[in-house]
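Here the sequence shown is numbered in numbering that gives the first Met the number 0, starting from 0 and rising by one per residue. All residues carry an ideal CB built from backbone N, CA and C; glycine is no exception. These notes are about the structure you will find just below.
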Amino acid sequence: MNAPLPLRVALVGAGAMGSLHARVLTHSQDTELRYVVDPAARAGTLLAERYRSQWVADLEDFDGVDAVVVASPTATHREWTLRAISAGKPVLVEKPIADRLDDTRAVIAAARHAGVPLMCGLLERFNPAVRTALEIVDEPMHVVAVRHSPYVDRIVTGVGHDLLLHDVDIVLRLAGRLPNTIEAAYAYCHPKSTDGAEDIADVTLRYDGLLAFLSASRVSQRKVRTLVIAE
Numbered sequence: 000m001n002a003p004l005p006l007r008v009a010l011v012g013a014g015a016m017g018s019l020h021a022r023v024l025t026h027s028q029d030t031e032l033r034y035v036v037d038p039a040a041r042a043g044t045l046l047a048e049r050y051r052s053q054w055v056a057d058l059e060d061f062d063g064v065d066a067v068v069v070a071s072p073t074a075t076h077r078e079w080t081l082r083a084i085s086a087g088k089p090v091l092v093e094k095p096i097a098d099r100l101d102d103t104r105a106v107i108a109a110a111r112h113a114g115v116p117l118m119c120g121l122l123e124r125f126n127p128a129v130r131t132a133l134e135i136v137d138e139p140m141h142v143v144a145v146r147h148s149p150y151v152d153r154i155v156t157g158v159g160h161d162l163l164l165h166d167v168d169i170v171l172r173l174a175g176r177l178p179n180t181i182e183a184a185y186a187y188c189h190p191k192s193t194d195g196a197e198d199i200a201d202v203t204l205r206y207d208g209l210l211a212f213l214s215a216s217r218v219s220q221r222k223v224r225t226l227v228i229a230e
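Right, here's the structure in full:
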């Protein structure tokens with residue numbers, strides 16, 4: 000990518016995650032938040048005004064930007080990411096890339112075919128503690144990760160896609176390969192829970208010489224985050 004700095008970025012999504020990306024993009028000297036894209040006029044306008052950007056309900060022409068950040072609801076990730084790829088624009092898409100495995104594979108294949116950079120927002124990869132652990136651990140044999148939080152009404156994505164995949168990603172990076180076996184369980188506990196949006200998800204990943212237990216919940220009484228890596 001040879002675009003001059005600052006990179007002109009279109010941000011898709013004016014919700015909670017979009018707000019975080021808007022702040023970071025605005026504070027960086029290397030990026031310019033050119034557009035906030037969201038069909039909700041009030042949310043989009045407020046976010047755009049806060050960070051001195053321009054709100055648009057949709058973006059048909061990508062010529063005015065150098066890159067795209069997709070932080071809209073999960074159900075729209077596939078569409079927006081494919082639109083950006085078709086326009087030849089590098090994309091950072093919040094996790095998950097799509098809400099279905101076949102759609103995720105289709106997006107990745109499209110990016111590879113087009114030669115367009117595609118990155119998923121797995122921010123734990125850049126957590127200093129995680130990066131240090133990955134550097135100093137040579138032969139992990141046991142991983143226990145807990146990521147629990149109280150219920151948040153706005154979240155409609157299952158806790159597996161929303162939280163658990165961060166720790167799955169950490170284990171995959173530690174092991175450097177897929178597990179031999181996977182055991183998983185999930186539950187719906189909150190009165191407002193909907194199909195496909197589980198509140199609790201636990202996973203056991205088994206390797207030769209490595210066992211990982213991962214737990215995620217959004218119906219906890221308090222926020223809990225622990226990560227133990229033993230070798």
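Contacting residues, own chain, Cβ-Cβ under 7 angstroms from residue i (five flanking each side not counted)
i, result
"Leu-81", "Val-106 and Ala-109"
"Ala-74", "Asp-98"
"Ala-184", "Asp-201"
Alpha-carbon spacing of residue i relative to residue j, whole angstroms
i, j, result
"Ser-216", "His-147", "5 angstroms"
"Pro-89", "Ala-174", "28 angstroms"
"Leu-177", "Leu-171", "6 angstroms"
"Thr-156", "Gly-195", "7 angstroms"
"Ala-47", "Tyr-187", "36 angstroms"
"Arg-111", "Leu-24", "26 angstroms"
"His-165", "Val-55", "31 angstroms"
"Leu-163", "Val-223", "13 angstroms"
"Gly-17", "Ser-71", "7 angstroms"
"Pro-127", "Val-136", "14 angstroms"
"Val-142", "Asp-57", "43 angstroms"
"Gln-220", "Val-115", "43 angstroms"
"Pro-149", "Glu-78", "30 angstroms"
"Asp-101", "Glu-138", "33 angstroms"
"Val-11", "Gln-28", "20 angstroms"
"Tyr-50", "Thr-180", "46 angstroms"
"Asp-60", "Ser-85", "11 angstroms"
"Met-140", "Glu-230", "5 angstroms"
"Thr-103", "His-20", "22 angstroms"
Neighbourhood of residue i by C-beta distance below 8 angstroms, restricted to the same chain and skipping five residues each side
i, result
"Arg-33", "Arg-7, Val-8, Ala-9, Ser-52, Gln-53, Gly-63 and Val-64"
"Ser-192", "Asp-198"
Neighbourhood of residue i by C-beta distance below 6 angstroms, restricted to the same chain and skipping five residues each side
i, result
"Val-67", "Ala-9, Ala-83, Lys-88 and Val-90"
"Ala-132", "Ile-228"
Residue span of the alpha helix (DSSP H) that contains residue i, given as start and end
i, result
"Asp-233", "Summary: the structure shown does not reach residue 233, with the chain confined to residues 0 through 230, and so no result is reported for it."
"Arg-221", "Unbroken run through Arg-221: none, as it is neither H nor E."
Nearest-angstrom Cβ-Cβ length linking residue i and residue j, presumed shorter than 8 angstroms
i, j, result
"Thr-30", "Pro-5", "5 angstroms"
"Asp-37", "Ala-13", "4 angstroms"
"Thr-242", "Val-145", "In the structure displayed, the chain extends from 0 to 230; residue 242 sits before or after that span and is not available."
"Glu-123", "Ile-169", "6 angstroms"
"Val-218", "His-189", "5 angstroms"
"Leu-213", "Val-167", "6 angstroms"
Span of the beta strand (DSSP E) around residue i
i, result
"Ala-44", "Per the sequence shown, the amino acid found at residue 44 is Thr instead of Ala. Counting along the chain, Thr-44 falls outside any beta strand (DSSP E), though it belongs to the alpha helix (DSSP H) covering 40-49."
"Arg-7", "6-11"
For the stretch 109-120 and the stretch 202-211, state whether three or more C-beta atom pairs, one from each stretch, are separated by less than 8 angstroms.
The stretch 202-211 and the stretch 109-120 do not touch, with fewer than three beta-carbon pairs separated by less than 8 angstroms.
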